[in-house]
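One gets this note's numbering by counting positions in the sequence shown from 1 and adding 12 to each. Backbone N, C-alpha and C define an ideal beta-carbon position, used for all residues, glycine too. Please read the structure below before turning to the comments.
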Amino acid sequence: MKSIALSITNLDRLPDGGPLSYRSDGRPFEIGRDSASDWTLPDPKLFISARHCDIQFDGQDFVLNDISRNGTFLNGSHQRVKSPYRLQSGDQLAIGDYVISVQINDVQQPASGGHAGDAWMSAGPTALPDDDDIWGAATAGPAPVDRSVFKPKRVNQPVHPDFVKSHLDLPPARSNEDPFAPQQVRPTPGANPFAPAVADEFPQAPQPNIPPSPAPLRPEGRVASASASNDMLAAFKLGARLPSHALSNRNGQEVAQEIGAMMLLIAEQTALLLKARASAKAMVRTTDRTVIGALDNNPLKFMADPVEALEAMLSKDRSGYLDGMRAFREAFEDIKSHELATYSAMQKALSRLLADLSPESIEAKVEKSTFSNTKAKAWETFVQRWDAKVEAHENGMLDVFLLYFSEAYQEATGKKRK
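Encoded structure:
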């Protein structure tokens with residue numbers, strides 16, 4: 013038999029004050045936004061489905077089935093989990109904004125034959141001749157065991173799964189049905205003779221069914237998680253030059269996730285700007301081309317996947333590539349230089365293109381006629397000059413402009429063609 017414990021690791025409390033953890037000893041349960049779920053996860057954004065996922069025990073493993081609209085994610089993956097998935101200890105589930113750790117433990121079951129029989133036999137020595145008959149007839153016992161075990165499956169039970177098992181001071185009638193059902197099944201054929209023994213065994217019966225390990229792990233995990241979150245938040249504020257009191261109302265892990273998402277967006281958009289810059293330089297046939305070398309390569313320029321580029325910049329274990337600070341600084345300098353050079357080159361190219369086509373230039377070349385045909389002569393001169401410019405170019409005046417622009421761009425960037 014196994015038990016599963018799920019714990020939220022990125023929050024100290026839920027908005028509705030509900031439990032931060034859920035535990036099940038082999039019975040199926042549902043997780044979702046709806047209050048009727050076995051474990052309710054509040055979500056004002058409605059990202060979490062009313063019935064988001066369910067977990068069942070197949071006799072060997074706990075199996076997760078994702079039945080949500082927006083997905084359940086596993087161990088930091090960007091792809092939703094493929095159902096059915098067999099959960100393992102140490103798995104991290106992401107459901108909406110909640111990060112949930114998985115802990116699976118083996119539960120020691122009391123021996124089904126001799127040990128329990130000895131305890132009952134020692135309680136009533138005069139009934140020893142009947143014990144053989146009682147335990148011999150135990151083959152009919154599984155039917156009531158199944159009814160008792162599966163009774164808690166109903167959805168209309170409270171959200172807190174451990175409530176009954178963790179409170180031993182409940183009324184006798186309730187405790188006889190729920191927490192100690194397995195101990196009641198065995199003496200059923202002889203219930204009256206052994207009723208006192210049932211009462212004597214109550215204090216010890218829950219011990220083998222409730223493993224002590226999950227209880228201390230939860231607070232330690234929260235303390236370690238909170239400490240790591242605080243350290244991460246303090247380091248971020250130091251690097252961003254934020255005052256020490258900033259973000260005091262935020263959870264460190266939430267801020268770290270937002271920073272990660274922002275960094276990925278910045279890396280993606282910066283890489284797109286660098287690609288647009290490279291395309292513009294190729295269009296004007298500039299001789300300045302960025303090529304990969306042995307050292308100091310910018311991941312934002314040479315890696316198509318922004319996730320891979322971000323990893324290369326932050327891990328600092330990819331030889332030949334710049335770290336994040338140098339890569340972004342170089343990228344922004346290149347983009348700024350490109351923008352300034354583009355505007356400067358456009359002005360110079362247009363000025364050069366129109367220099368001998370302007371009305372003033374043409375009028376200066378046209379001799380005044382006594383027959384008042386100055387305008388006709390000016391038009392003729394304009395057409396001659398236009399044709400002279402575009403004659404050697406397939407795309408006409410556009411090619412002329414791009415030629416002038418390319419020369420002006422290289423001059424503006426300090427790399428004029430020789």
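One or two residues paired with residue i in a DSSP bridge
i	result
Leu410	Paired residue(s): none; Leu410 is not in a bridge.
Leu333	The residue you asked about is not Leu; residue 333 is Tyr in the sequence shown. The partner list for Tyr333 (beta bridge, DSSP) reads Asn309.
Arg98	Val75
Arg92	Phe85
Tyr421	In DSSP, Tyr421 forms no bridge with anything.
Tyr355	None; Tyr355 has no bridge partner.
Ser33	Ser19
Phe69	Phe74
Check: residue i C-beta below 6 angstroms from any heavy atom of the ligand ATP
i	result
Tyr97	This structure lacks the ligand ATP; in fact it carries no ligand of any kind.
Boundaries of the alpha helix (DSSP H) in which residue i is found, first to last residue
i	result
Ile79	Segment: none, Ile79 is in no alpha helix (DSSP H) and carries neither H nor E.
Leu276	264–295
Gln115	Gln115 -> not in any alpha helix (DSSP H); beta strand (DSSP E) instead, spanning 110–118.
Val319	318–327
Lys377	371–377
Where the beta strand (DSSP E) through residue i begins and ends
i	result
Ala106	104–107
Val395	It is not in any beta strand (DSSP E) - Val395 instead sits in the alpha helix (DSSP H) that spans 386–402.
Leu18	14–20
Chain-order list of residues whose beta-carbon lies under 6 angstroms from that of residue i (same chain, five-residue window excluded)
i	result
Asp55	Arg45, Gly108
Tyr97	Leu76
Ile432	No information on residue 432 is available, as it lies outside the stretch 13 to 430 that the chain covers here.
Glu342	Asn310
Phe74	Ile16, Ile67, Leu99
Tyr333	Asn309, Pro311, Ala324
Val93	Asp78, Thr84, Leu86
His127	Low confidence applies to His127: its pLDDT is 46, below 50, so where it sits in the model is not reliable enough to give any reading.
Met244	Gly264, Ala268
Ala155	With a pLDDT of 46 at Ala155, under the threshold of 50, the modelled position of that residue is not reliable, and the figure given next carries that caveat. Once the five neighbours on either side are set aside, Ala155 has no close Cβ partner at all.
Asp28	Pro54
Leu415	none
His350	Arg289
Leu32	Ile20
Cβ distance (whole Å) where residue i is taken to contact residue j below 8 angstroms
i	j	result
Ala339	Leu307	No, Ala339 and Leu307 are not in contact; Cβ-Cβ is about 13 angstroms, not under 8 angstroms.
Leu99	Ile16	7 angstroms
Ser49	Ile43	6 angstroms
Ser101	Gln115	6 angstroms
Phe69	Pro40	7 angstroms
Ser80	Ser61	4 angstroms
Leu286	Asp346	7 angstroms
Lys14	Gly38	7 angstroms
Nonlocal neighbours in the same chain, by C-beta distance under 7 angstroms from residue i, ignoring five residues either side
i	result
Arg397	Asp368, Leu369
Phe413	Ala361, Leu365
Lys328	Asp335
His405	Asp411, Val412
Ala321	Ala279, Ala283, Pro311, Leu312, Met315
Ala353	Tyr421, Ala424, Thr425
Met275	Leu322
Ala357	Phe417, Ala420, Tyr421, Ala424
Arg330	Ala324
Cutoff 8 angstroms; reference residue i; Cβ partners in own chain excluding five residues on either side
i	result
Val111	Ile20, Thr21, Asn22, Gln104, Leu105, Gln265
Asn87	Asp103, Gln104
Pro183	Residue placement at Pro183 is poorly supported in this model, since its pLDDT is 47, which falls under 50; the coordinates still yield a value, given next. Once the five neighbours on either side are set aside, Pro183 has no close Cβ partner at all.
Phe59	Asn82, Gly108, Asp109
Ala258	Lys249
Ile271	Phe248
Val378	Thr386, Lys389, Ala390, Thr393
Exercise. Run through the segment 36–67 for me and flag every whole beta strand (DSSP E) of 3 or more residues, listed as ranges in chain order.
Key: As summarised for the segment 36–67, the continuous beta strand (DSSP E) elements at least 3 residues long and confined to that stretch are 41–44, given in chain order.
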